[in-house]
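Student: Chains as they are written, first to last, in numbering that gives the first Met the number 0: chain A, 0 to 329; chain B, 0 to 355; chain C, 0 to 502.
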Amino acid sequence: MKTHQRRLLWIAATLLIVLIWTFYSANGPQTTAVLAGTVRAATLLALGAMCGMIGERSGVVNIGIEGQFLMSAFFAFTVTSITGSLFMGAMAGIATGLTMGWMLAAMAVGLKVDQIIAGTVLNIGALGLTSFFYDRSRSLGVSKYTNIDLGALADLPLVGTVFFSRPPITYLTMALLVIVHIALFRSVWGMRTRAIGEHPGAADTVGIDVLRLRYLNVTLAGGFAGLGGSYLALEAVGTFSRAMSGGRGFLALAVMIFGRRNPFGAYAAALFFGFTTALQNHFQLNSVFDIPPQFVGMLPFVVTIIVVALSGLMGSMRDPAALGQTYEKG
Amino acid sequence: MSRSILRSVAVPLAAVILGLLIGAILIVSQNASPITAYSSLLQGGLGDGDALLRTLQKATPLIFGGLAVAFAFKAGLFNIGGQGQLLVGAVFAAAVGFGVDGLPMFIHLPAALIAGALAGAIWGGIAGALKATTGAHEVIVTIMLNFVGGNLTDWLSANPWKDNSGNNIVARTPLVEDSATIPTFGAIPVGFLLAVLTAAGCWMILERTTYGFEVRSVGQNRNAAHYAGIKVGWIMASTMAVAGMLAALGGAVESLGVDGRFEAGVNVGLGFEGITIALLARANPLGVIPAALLVGLMEAGASRMQFKAGVAPELIDVIQALILFFVAAPMIVRWLLRMRQGDSEQLRLGAGWGNS
Amino acid sequence: MTDLLLAARNVTKRFPGVLANDDISVELKPGRILALLGENGAGKSTLVNVLFGMYRPDGGQIIIKDEVVDLHGPDDAISRGIGMVHQHFQLVPPMRVVENIVLGAEPTKRGLVDLDEARLRVVELSERYGLEVDPDALVEDLPVGMQQRVEILKALYRNADVLILDEPTGVLTPQEADHLLTVLRGLTETGVGIVFITHKLREVLAIADDIVVLREGRVVGTTTPEQATESGLAEMMVGRSVVLRVEKSTAQPGDVVLQVDDLKVNDNRGQLAVDGVSLQVRAGEIVGVAGVEGNGQRELVEAITGLRHVAAGAMAIAGKPLTNNSTRQIAENDVGHIPEDREKHGIIAAYSLAENSVLNRYHRPPFSSRGIMRREVIYEHAQSVVEEFDVRTPSVNVAASSLSGGNKQKLIVGREFSSHIKLLVAAQPTRGIDIGAIEFIHRRIVEQRDKGAAVLLVSAELDEILSLADRVAVLYDGKLVDVLDANVATREKVGLLMAGITD
Numbered sequence: 000m001k002t003h004q005r006r007l008l009w010i011a012a013t014l015l016i017v018l019i020w021t022f023y024s025a026n027g028p029q030t031t032a033v034l035a036g037t038v039r040a041a042t043l044l045a046l047g048a049m050c051g052m053i054g055e056r057s058g059v060v061n062i063g064i065e066g067q068f069l070m071s072a073f074f075a076f077t078v079t080s081i082t083g084s085l086f087m088g089a090m091a092g093i094a095t096g097l098t099m100g101w102m103l104a105a106m107a108v109g110l111k112v113d114q115i116i117a118g119t120v121l122n123i124g125a126l127g128l129t130s131f132f133y134d135r136s137r138s139l140g141v142s143k144y145t146n147i148d149l150g151a152l153a154d155l156p157l158v159g160t161v162f163f164s165r166p167p168i169t170y171l172t173m174a175l176l177v178i179v180h181i182a183l184f185r186s187v188w189g190m191r192t193r194a195i196g197e198h199p200g201a202a203d204t205v206g207i208d209v210l211r212l213r214y215l216n217v218t219l220a221g222g223f224a225g226l227g228g229s230y231l232a233l234e235a236v237g238t239f240s241r242a243m244s245g246g247r248g249f250l251a252l253a254v255m256i257f258g259r260r261n262p263f264g265a266y267a268a269a270l271f272f273g274f275t276t277a278l279q280n281h282f283q284l285n286s287v288f289d290i291p292p293q294f295v296g297m298l299p300f301v302v303t304i305i306v307v308a309l310s311g312l313m314g315s316m317r318d319p320a321a322l323g324q325t326y327e328k329g
Numbered sequence: 000m001s002r003s004i005l006r007s008v009a010v011p012l013a014a015v016i017l018g019l020l021i022g023a024i025l026i027v028s029q030n031a032s033p034i035t036a037y038s039s040l041l042q043g044g045l046g047d048g049d050a051l052l053r054t055l056q057k058a059t060p061l062i063f064g065g066l067a068v069a070f071a072f073k074a075g076l077f078n079i080g081g082q083g084q085l086l087v088g089a090v091f092a093a094a095v096g097f098g099v100d101g102l103p104m105f106i107h108l109p110a111a112l113i114a115g116a117l118a119g120a121i122w123g124g125i126a127g128a129l130k131a132t133t134g135a136h137e138v139i140v141t142i143m144l145n146f147v148g149g150n151l152t153d154w155l156s157a158n159p160w161k162d163n164s165g166n167n168i169v170a171r172t173p174l175v176e177d178s179a180t181i182p183t184f185g186a187i188p189v190g191f192l193l194a195v196l197t198a199a200g201c202w203m204i205l206e207r208t209t210y211g212f213e214v215r216s217v218g219q220n221r222n223a224a225h226y227a228g229i230k231v232g233w234i235m236a237s238t239m240a241v242a243g244m245l246a247a248l249g250g251a252v253e254s255l256g257v258d259g260r261f262e263a264g265v266n267v268g269l270g271f272e273g274i275t276i277a278l279l280a281r282a283n284p285l286g287v288i289p290a291a292l293l294v295g296l297m298e299a300g301a302s303r304m305q306f307k308a309g310v311a312p313e314l315i316d317v318i319q320a321l322i323l324f325f326v327a328a329p330m331i332v333r334w335l336l337r338m339r340q341g342d343s344e345q346l347r348l349g350a351g352w353g354n355s
Numbered sequence: 000m001t002d003l004l005l006a007a008r009n010v011t012k013r014f015p016g017v018l019a020n021d022d023i024s025v026e027l028k029p030g031r032i033l034a035l036l037g038e039n040g041a042g043k044s045t046l047v048n049v050l051f052g053m054y055r056p057d058g059g060q061i062i063i064k065d066e067v068v069d070l071h072g073p074d075d076a077i078s079r080g081i082g083m084v085h086q087h088f089q090l091v092p093p094m095r096v097v098e099n100i101v102l103g104a105e106p107t108k109r110g111l112v113d114l115d116e117a118r119l120r121v122v123e124l125s126e127r128y129g130l131e132v133d134p135d136a137l138v139e140d141l142p143v144g145m146q147q148r149v150e151i152l153k154a155l156y157r158n159a160d161v162l163i164l165d166e167p168t169g170v171l172t173p174q175e176a177d178h179l180l181t182v183l184r185g186l187t188e189t190g191v192g193i194v195f196i197t198h199k200l201r202e203v204l205a206i207a208d209d210i211v212v213l214r215e216g217r218v219v220g221t222t223t224p225e226q227a228t229e230s231g232l233a234e235m236m237v238g239r240s241v242v243l244r245v246e247k248s249t250a251q252p253g254d255v256v257l258q259v260d261d262l263k264v265n266d267n268r269g270q271l272a273v274d275g276v277s278l279q280v281r282a283g284e285i286v287g288v289a290g291v292e293g294n295g296q297r298e299l300v301e302a303i304t305g306l307r308h309v310a311a312g313a314m315a316i317a318g319k320p321l322t323n324n325s326t327r328q329i330a331e332n333d334v335g336h337i338p339e340d341r342e343k344h345g346i347i348a349a350y351s352l353a354e355n356s357v358l359n360r361y362h363r364p365p366f367s368s369r370g371i372m373r374r375e376v377i378y379e380h381a382q383s384v385v386e387e388f389d390v391r392t393p394s395v396n397v398a399a400s401s402l403s404g405g406n407k408q409k410l411i412v413g414r415e416f417s418s419h420i421k422l423l424v425a426a427q428p429t430r431g432i433d434i435g436a437i438e439f440i441h442r443r444i445v446e447q448r449d450k451g452a453a454v455l456l457v458s459a460e461l462d463e464i465l466s467l468a469d470r471v472a473v474l475y476d477g478k479l480v481d482v483l484d485a486n487v488a489t490r491e492k493v494g495l496l497m498a499g500i501t502d
């Protein structure tokens, strides 16, 4: 990152803190509520973005995140409902995500199906299967994940509630962001992953098995979406409903692009998107402005269009060079 | 010639059969009989005049939805926005249909159809224009426009264009005037004929005109198209507008010929069904017709299948997804049929978000 | 001490429809340089890909250090001490030099890549072999010659004692090429064996210890520089006697057709690639643009033909200002363009030959009228192009993807030459095609000149420029360094200009 960009970032961050503090002084509870809502909405997007980014860094586009969310949420819900254990449900969600990731890899990497079409198959399949097997009379049976206070940190004003009194999958997500960031940019795995996304031929000639690594990464990435599905069913909502992912798998892709395919960038973008969602909920609940709910509901989607268009115009974010292409040896 | 037709039909056909077979396993898993289920499905879709009418009615927007995907495919663009385009087309066609009165049918009906088509052209054109000017990937933009379109049409039918008759609380428009209603000739709805004609028209444009040559050139090799003097940006924008128009016509026919009004949340799955149909037809506009009839038949018979065999109608969605999977992964089917890979059989879009 | 470093014994490799390697045997001893000579498609690249484990041979044996081996992939070859410098560099552009060098063999510390350790080793290696390079530079910022060093270091980092170089001098100036040959000679003194692939006769004679000539997948001759001559090698390579120089009369230049004034053009990354070029091409002359690839030739051609936006300056064709006009507007001023990359720009692979034969004129009569394509007319046009330009194909209805490179190129040339042209822009017109097609295309280009067309010929092959051009313009770093008349343009002089040395 260039120095003037970095400086801009610092100025923006400072401004943001000042702004938040001003609002907090004016109206503490409401500011806290909106920001807590922001973090809540950002978790799912961040998980989806990590799923997308691991795939894209290795050269595979995943537009099936929406379907991965939905299917994982379904299994997380169903397994919890049967076993009575949130943990078992969450594990089932992750396993479902991994399986869906493996299916995407089998199609896009193994069978060399066009990546966009392969992702679409996942989306349509997940919607069909979960609707077919969905049993309206079933309930979660236990109460959803609740907030855990992180000791004294939770007592801090504002940030205590916003960041340190959260349910478990949110904490796990924050930890994963750090782990994925280090893995992607410092580990051998990360270096090879970035190489196969930029120039698979070069990786191949130094003995890296491109197809195997892509297989592994797309499958692994599915686990993040799977955790997202578990979050959706077991932590955010506490039940399953038809098409409950509501487009957030697609928003996660925008978050990933906006965040320049790195975990911290994606989290910043996720917080921004989460903020629009939280603000929308807040406006609706408190009828601050007399805006029809449909227009407020459009907001994140319109923002995404603008983000994708702007990022193309500025050309500041470059796709991995081999993104979307199948790799043939030789 | 007949050999090549046979070859091009083999994979889709096998995909359908495989989809139905796996569907049968799912039916058994629900303790129902696949034979009862499928025969009642067939009866519900073809059994008598009413059933046939239902199938044709269901197939009509599906043809348009399939064309909307297939046409864009030819330019190498993936239009997942059929949903939103259909909704805006349906609501604007309905608005002209109920909002204007005193016009003769030969003016009113075309005007309503055109209003819907234009709305769809704009909706699709936005994605195409953004792709051409900023490189924003049409897949993301059309998906987002689906959600925006859903919200927008919800609002339109719940507020300015709401049906205020009686004590209606549903978000829907009033019934369209008779002069804007698509008539039916016997068992064949005129909307279906319109759809078939549109498919033939699409084929003519793509295969015989210079515009079609430009569209296909952009789809096959964008750089060579630029070299050949084709305005690639304009082709992408206009192709998406045409695609949007096609999906919107499906919505307009739905409003004016089937439901008689626009109701929020109508035909929620159409965008996705269009993808299945277009791929089943291998992006050939004429192939879209039989593909849409097949899906239309399944949808028309689904409620009878539920009634007779106790199988949830969502099974149709699952079978469609399975068919899509097998068409998309022709290697599996070809392996099963011991077929060799043909030329240019794989559909390729080339992903990437355009920020390169 | 091993006797044989690397050898192929009766290696055979088939691809669908092609026998790429037919019973080939070659051997390399320590400290020696083996040159594999052959024209495009002779099977050189296939052979080295087999030796490097990229392809599995269908028959025969590979021997590495006196041992018969079964290579399952490049990593097998690498671990046995084989290093390869590919013709198209296998480097990850947005990654740093040091990252590229260690990729696949990364030193680690506590589970993470130890870049400090890697940097130390890279610096040490580059000092030992005289291959200076900044380990922290991004590869995409380096000139091609420097990227080649990174490729060589990559092999040395893996302790290679066999180095395979595929057409390594194609991207270098003659003087840079000489330097590379010196570095390679130095390497052999440490016992390294080198396989050197080329189609340039001069280099073979200058550097090789042993020469193996391949043609149509077979070994057609084994010799040494002492026994061989240029013409003898050429004949062996092609299978008949070849004219090394193009026959042409003296140019009769007429009016100025292409006028370029102070042109500035950016590349894909937004950096200035053509920096104030002014140039004139007259009717009836061929102006050759020489230069190491990546010095602005591509951007210059694309700007002139309308494919790329001109940032500043002006250009005119036959007196008509056409700066930043569209490709179509420029083509309609009787401009023919043989694009550098035929697969990317020149043809649409899935289209039939017939459709490709009207790719840039489909919209004009007689090929279409009122927006409807006239398929019979197009078919007949394609037939005549195929006949006149000797395109070998069963039918004009087959997909262009079924043609060989040379035939694709002849189709493109035929298309461009089938209407009257005032200006011909030919970029790398003979890249990657067989000698028969090269001779054919060269003759046709001279023919266009003699008919009064102005020809701008851009080529990375200095030999092509020197044998065809009436005047030679040299590009270096986006600037036009000098324009020489053909009779004073010697290899040495042009070579120095290509490196930006003007005095």
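Beta carbons are placed, not taken as given, at the ideal position from N, Cα and C, and that holds for glycine.
Could you tell me which whole alpha helix (DSSP H) segments of length 4 or greater appear in the region 126–183 of chain C?
Tutor: Those alpha helix (DSSP H) runs which fall completely within the region 126–183 of chain C and span 4+ residues are 143–156.
Student: Kindly indicate which three-state DSSP category N20 of chain C falls into: helix, strand or coil?
Tutor: The residue given as residue 20 of chain C occupies position 21 in the third sequence. It is a strand residue.
Student: Rounded to whole angstroms, what is the Cα-Cα separation between F294 of chain A and I256 of chain A?
Tutor: Numbered from 1 along the first sequence, position 295 holds the residue referred to as residue 294 of chain A. Numbered from 1 along the first sequence, position 257 holds the residue referred to as residue 256 of chain A. Each residue's alpha carbon lies about 24 Å from the other.
Student: Given a threshold of 16 other Cβ atoms within 10 Å of its Cβ, counted over all protein chains shown, does T209 of chain B qualify as buried or as exposed?
Tutor: As a working mapping, residue 209 of chain B is identified with position 210 in the second sequence. T209 of chain B is buried by the Cβ-count criterion.
Student: Which residue from A:I53, A:G109, A:S138, A:E65 puts its Cα closest to that of I139 of chain B?
Tutor: Here residue 139 of chain B is taken as the residue at index 140 of the second sequence, counted from 1. When each option's Cα is compared against that of I139 of chain B, the closest is A:E65.
Student: Compare the C-beta of I209 of chain B against all C-beta atoms of chain C and say whether one is closer than 8 Å.
Tutor: Residue mapping note: residue 209 of chain B aligns to position 210 of the second sequence, counting from 1. Note on identity: in this sequence residue 209 of chain B is Thr, with Ile being the wrong assignment. Interface residue, yes.
Student: Do you know offhand how far Q424 of chain C's Cα is from R443 of chain C's?
Tutor: Numbered from its first residue, the third sequence carries residue 424 of chain C at position 425. Numbered from its first residue, the third sequence carries residue 443 of chain C at position 444. This sequence places Val at residue 424 of chain C; Gln is not what is there. Using only the alpha carbons, I get a separation of about 13 Å.
Student: One question on the structure: do V161 of chain C and I81 of chain C come within less than 8 Å of each other, judged by their Cβ atoms?
Tutor: For the purposes of this step, residue 161 of chain C is identified with residue 162 of the third sequence, where counting begins at 1. For the purposes of this step, residue 81 of chain C is identified with residue 82 of the third sequence, where counting begins at 1. Cβ distance < 8 Å, so V161 of chain C and I81 of chain C count as in contact.
Student: Taking only beta-carbon positions, decide if L411 of chain C is within less than 8 Å of chain B.
Tutor: As a working note, residue 411 of chain C is residue 412 in the third sequence. Sequence inspection shows Ile at residue 411 of chain C; the Leu mentioned does not correspond to that position. With 8 Å as the cut-off, I411 of chain C does not count as an interface residue toward chain B.
Student: Can you tell me whether G42 of chain C is helix, strand or coil according to DSSP?
Tutor: Here residue 42 of chain C is taken as the residue at index 43 of the third sequence, counted from 1. In this structure, G42 of chain C counts as coil in the three-state DSSP scheme.
Student: Report all residues from its chain with a CB closer than 8 Å to the CB of S343 of chain B; omit the five preceding and five following residues, and keep chain order.
Tutor: To locate residue 343 of chain B, count along the second sequence from 1; it is residue 344. Annotation note: pLDDT 42 at S343 of chain B (below 50); position unreliable, coordinate value reported separately. Within the same chain, S343 of chain B has no close Cβ partners at all.
Student: Where do the ends of the alpha helix (DSSP H) carrying G357 of chain B lie?
Tutor: As shown, chain B starts at 0 and ends at 355. That puts residue 357 of chain B outside it, with no answer to give.
Student: Let me know the secondary structure DSSP gives G353 of chain B once reduced to three states.
Tutor: On the second sequence, position 354 is the one that residue 353 of chain B refers to. Caution applies to G353 of chain B, whose pLDDT of 46 falls short of 50 and renders its modelled position unreliable; the model cannot decide the point.
Student: What separation, rounded to the nearest whole angstrom, lies between the Cα atoms of V182 of chain C and N261 of chain A?
Tutor: Here residue 182 of chain C refers to the residue found at position 183 when the third sequence is read from its first residue. Here residue 261 of chain A refers to the residue found at position 262 when the first sequence is read from its first residue. Cα to Cα, V182 of chain C sits roughly 41 Å from N261 of chain A.
Student: Is any beta-carbon of chain A found at less than 8 Å from that of V112 of chain C?
Tutor: By one-based count along the third sequence, residue 112 of chain C stands at place 113. V112 of chain C counts as touching chain A.
Student: Helix, strand or coil for Q324 of chain A, going by three-state DSSP, please let me know.
Tutor: Counting from 1 along the first sequence, the entry for residue 324 of chain A is found at position 325. In this structure, Q324 of chain A counts as coil in the three-state DSSP scheme.
Student: For the region 99–184 of chain A, list the alpha helix (DSSP H) runs that are entirely contained and at least 4 residues long, ordered along the chain.
Tutor: List check, alpha helix (DSSP H) in window: 114–132, 158–163.
Student: What is the residue span of the alpha helix (DSSP H) that G275 of chain C lies within?
Tutor: Counted from its first residue, the third sequence places residue 275 of chain C at position 276. Premise fails: G275 of chain C lies in the beta strand (DSSP E), 271–281, not in any alpha helix (DSSP H).
Student: According to DSSP, simplified to helix, strand and coil, what is A6 of chain C?
Tutor: Looking up residue 6 of chain C in the third sequence gives position 7. It is a strand residue.
Student: Going by C-alpha to C-alpha distance, which of C:G220, C:P224, C:E246, C:V245 sits closest to E234 of chain C?
Tutor: For this step, residue 234 of chain C is matched to residue 235 along the third sequence. With distances taken between Cα atoms, E234 of chain C lies closest to C:G220.
Student: DSSP three-state label for Q258 of chain C, please.
Tutor: The residue given as residue 258 of chain C occupies position 259 in the third sequence. Strand, per DSSP.
Student: Give the residues of chain A in contact with Q89 of chain C, contact being defined as C-beta atoms less than 9 Å apart.
Tutor: Sequence index remark: in the third sequence, residue 89 of chain C carries index 90 (1-based). Under the 9 Å cutoff, chain A gives H198, G200, A201, A202, D203, T204, V205.
Student: Nearest chain B C-beta to G124 of chain A closer than 8 Å, yes or no?
Tutor: Mapped onto the first sequence, residue 124 of chain A falls at position 125. Yes - at least one Cβ of chain B is within 8 Å of the one on G124 of chain A.
Student: Using a Cβ-Cβ cut-off of less than 7 Å, list which residues of the region 161–190 of chain A approach chain C; keep chain order.
Tutor: So the close ones are R185, S186, V187, M190.
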